[in-house]
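Chains as they are written, first to last, in this note's numbering: chain V, 63 to 463; chain C, 63 to 463. A virtual CB, placed ideally from N, CA and C, is assigned to each residue, including glycine.
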């Protein structure tokens, strides 16, 4: 009988090592979800009026096949939106995709061949790992500190590879703004150094930037895309964290010749035109900036509640307070194991993710196990407080055991 | 500087040989589009009330991330819907995807390895060709007559391959109901013979079935999926032709173990939950059967108008009148070239597609050039009449030249 392709066999192995997060509907009553990047239910906007307009005034546009590159007005809006962050984009530099993961998949199709090396931070966003690995990528893991990716370490590794005549990595994959899982916003000098390094060596940068506008305080730095000189940055954006995850609309901003090639690889009949029209009208309306402000205020409150609860109930854990994004990365004292803590917490009714899950080399060599990642986006402030209390109980029981 | 992957280079070549159809918005005024499978604008239903319900009553479900396999109630509805056609499916046999092309892409990921052979009809649906070829598939083209795929020819080719110790093809790809481009509904004996042949040799069947319910007369035969014995058929369905192309929601129905593997290959954050809810509520409402009837009546009228215009203005062209679907396949008399006719027609303001575009081997060996495909879905009956008059003028001028 039929056998699965090598790609499908690899996907099965990956699937076993990277289990999916829990969906809210699947949670047992009383369980507090600090594990995944779902939106706060209170922040999901009322988009009905935009849907009605799309399905009546713009019915033909919204219900026929749509242009492969995406709605021209939405691409123009996105170019302007990113130019506010220092980019110099035209609508032709934007391709609409079905969410950020679809964008990463297309970029892998564009650039990767079986066995190619790519650079990721250690730790890195765990849902990106199986996508890269399904294309046969080899990972070069580079350290990540409170200022972002350790670009000097990357330079040393590249020099070593040159000395050993190993091929350059194809790209550096990075969440520069409110990094997942550490919450770090990359420092300006590091951004400049990374773009200069990539340009010098002819390596692309894949900038995955879902959390940029979810900033609570401090000044925004330009995106990596804004620092580029010769079009070395492919920027992946999404409306999932800013408006709603279920929209399944994201974009890639890149050099026009790369966008043309990415379009050739996107044989899907166009991304959903109804959602594109709804997003365009919502973002062009006066509701958009009010919504972004509401998102920032609410998640700031969530973060503050989590930080206060941690300081009060688990003062011995070390953390860098994030200035934005969805996540808090905790470093555990010696002798406390993140995987064990995550298992114990799940039994006590609070879901979180062990830090070891965020390393691309996981499963093949030992990943650091002295971290946990807490998400403060989905749970309410009161649930967050209660979740941290439960976590503190588990922690003390495990310490005492 | 960076170079594109082998996959991306192949996509660029394919893109040049299979140009995209024209989008209605791109048409010059007065041009009549008989070239592509867009829906009749009058048949796009008013889905506003379903969108409002999804975005208010079901807001969390519609705007958070969704389950990777798709909405359970929609999968249950689809299982029942296909069981009316003789299948024996459970909701676990259904995977929701982002349209039929996405379904084909996932099936290729599941089954194909570079250089694998697959069987396609000659002619075949042209948008499927670049998807298959992007996975490095080699095509075995099997003839197609007024009863559907020539299964006896397939048997002979398989025997030859066995004698030459060539590997079996991985699957047979086929549009069994109102085949694109020929409009043929496969005969019952052929369906039985194909499924028996595939089972005997352990070859999968990929049944692409967008047009099944767009039937104007005659009795429906069971789908290929309904004839299977050991789960050898992967059925790809879509709401594009039944409700609206822009929904970008389709499904794969297959053995549960294959569905589980396909899910592992679909790392996209779930198909759009808002659209899934809208489709579920529309299909579960009393509007659905009325809508299907409206679609059947309208396209029957479109077809009748086209057939009558052809009989009146181009009686020398041979055709089999389709009993459903979107397309009419014309055979030209000796000495008339389909590509030349299509070019001349475009200059005269009527777009259609030369038959040579529908052969998987096109570009490498000579494809039959004595056919054209006319689509009667998008243009109005009056436009169809006018388009056929223009085509007849071009035809007579080319004959006289």
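Own chain residues within Cβ distance below 6 Å of residue i, not counting five before or after
| i | result |
| --- | --- |
| residue 353/V | 107 |
| residue 426/V | Residue placement at residue 426/V is poorly supported in this model, since its pLDDT is 37, which falls under 50; the coordinates still yield a value, given next. Excluding residues within five positions, none has a Cβ falling inside 6 Å. |
| residue 116/C | 124, 336, 339 and 340 |
| residue 127/V | 331 and 332 |
| residue 317/V | 293 |
| residue 131/V | 157 and 325 |
| residue 165/C | 159, 298, 312 and 314 |
Nearest residue (CA-CA) to residue i, options the options
| i | options | result |
| --- | --- | --- |
| residue 181/C | 153/C, 300/C and 212/C | 212/C |
| residue 376/V | 388/V, 329/V, 417/V and 452/V | 452/V |
| residue 278/V | 266/V, 240/V, 310/V and 300/V | 240/V |
| residue 243/V | 445/V, 460/V, 422/V and 449/V | 422/V |
| residue 167/C | 186/C, 139/C, 154/C and 199/C | 199/C |
| residue 306/C | 408/C, 440/C and 320/C | 440/C |
| residue 296/V | 312/V, 270/V and 302/V | 270/V |
| residue 360/V | 102/V, 139/V and 127/V | 102/V |
| residue 434/C | 420/C, 445/C, 424/C and 447/C | 420/C |
| residue 140/C | 301/C, 98/C and 226/C | 301/C |
| residue 429/C | 150/C, 250/C, 183/C and 418/C | 418/C |
| residue 205/V | 177/V, 327/V, 190/V and 235/V | 235/V |
| residue 411/V | 68/V, 73/V, 325/V and 91/V | 91/V |
| residue 69/C | 120/C, 255/C and 194/C | 194/C |
| residue 161/C | 328/C, 388/C and 186/C | 328/C |
| residue 75/V | 380/C, 403/C and 322/C | 322/C |
| residue 462/C | 403/C, 144/C, 165/C and 265/C | 403/C |
| residue 109/C | 238/V, 118/V and 86/V | 118/V |
| residue 184/V | 319/V, 229/V, 170/V and 203/V | 203/V |
| residue 99/C | 93/C, 111/C and 86/C | 86/C |
| residue 287/C | 334/C, 238/C, 273/C and 311/C | 238/C |
7 Å CB neighbourhood of residue i in its chain, flanking five on each side removed
| i | result |
| --- | --- |
| residue 363/V | 443 |
| residue 358/V | 276, 277 and 278 |
| residue 368/V | 390, 436, 438, 446 and 450 |
| residue 250/C | 283 |
| residue 356/V | 105 |
| residue 378/V | 395 |
| residue 289/V | 253, 254 and 257 |
Neighbourhood of residue i by C-beta, 8 Å cutoff - its chain only, sequence neighbours within 5 removed
| i | result |
| --- | --- |
| residue 217/V | 259 |
| residue 382/V | 208, 244, 245, 246 and 391 |
| residue 134/V | 153 |
Which residues DSSP lists as bridging residue i, in chain order
| i | result |
| --- | --- |
| residue 270/V | 298/V |
| residue 182/V | 203/V and 235/V |
| residue 413/V | 95/V |
| residue 434/V | 392/V and 416/V |
| residue 139/V | For residue 139/V, which the question treats as bridged, DSSP gives no partner whatsoever. |
| residue 380/C | 393/C |
| residue 403/V | Residue 403/V pairs with nothing; no bridge assigned. |
| residue 71/C | None; residue 71/C has no bridge partner. |
| residue 277/V | 386/V |
| residue 210/V | 207/V |
Check: residue i C-beta below 7 Å from any heavy atom of the ligand NAD
| i | result |
| --- | --- |
| residue 204/C | Among the components modelled here there is no ligand, and therefore nothing to report on the ligand NAD. |
Terminal residues of the alpha helix (DSSP H) in which residue i lies
| i | result |
| --- | --- |
| residue 336/C | 335-346 |
| residue 456/C | 443-462 |
| residue 230/C | No alpha helix (DSSP H) holds residue 230/C; DSSP gives it neither H nor E. |
| residue 196/V | 190-196 |
| residue 170/V | 162-173 |
| residue 287/V | 286-289 |
| residue 108/V | Taken as a continuous stretch (DSSP letters only), residue 108/V belongs to no alpha helix (DSSP H), as it is neither H nor E. |
| residue 361/C | 349-375 |
| residue 119/C | Unbroken run through residue 119/C: none, as it is neither H nor E. |
| residue 247/C | No alpha helix (DSSP H) holds residue 247/C; DSSP gives it neither H nor E. |
| residue 222/V | 213-225 |
| residue 321/C | 318-326 |
The beta strand (DSSP E) enclosing residue i, as first and last residue numbers
| i | result |
| --- | --- |
| residue 314/C | 312-315 |
| residue 158/C | 156-159 |
- Relative to chain C, which residues along the segment 318-333 of chain V have a C-beta separation below 7 Å, given in chain order? 323, 326, 327, 329, 330 and 331
- Message: At a CB distance below 8 Å, what residues from the segment 119-132 of chain C approach chain V? Give them in sequence order.
- Response: 121, 122, 123, 124, 125, 126, 127, 128, 129 and 130
- When you check each C-beta in the segment 177-201 of chain V against every C-beta of chain C, which residues fall closer than 9 Å? 178, 189, 192, 193, 196 and 197
- Message: Please identify, using Cβ separations under 7 Å, the residues of the segment 148-164 of chain C that lie next to chain V, in order along the chain.
- Response: 160, 161, 163 and 164
- Message: Closer than 7 Å between beta carbons: that is the criterion. Which residues of the segment 424-449 of chain C meet it against chain V?
- Response: none
- Item | Positions along the segment 299-310 of chain V whose CB lies within less than 8 Å of some CB in chain C | 302, 306, 307, 308, 309 and 310
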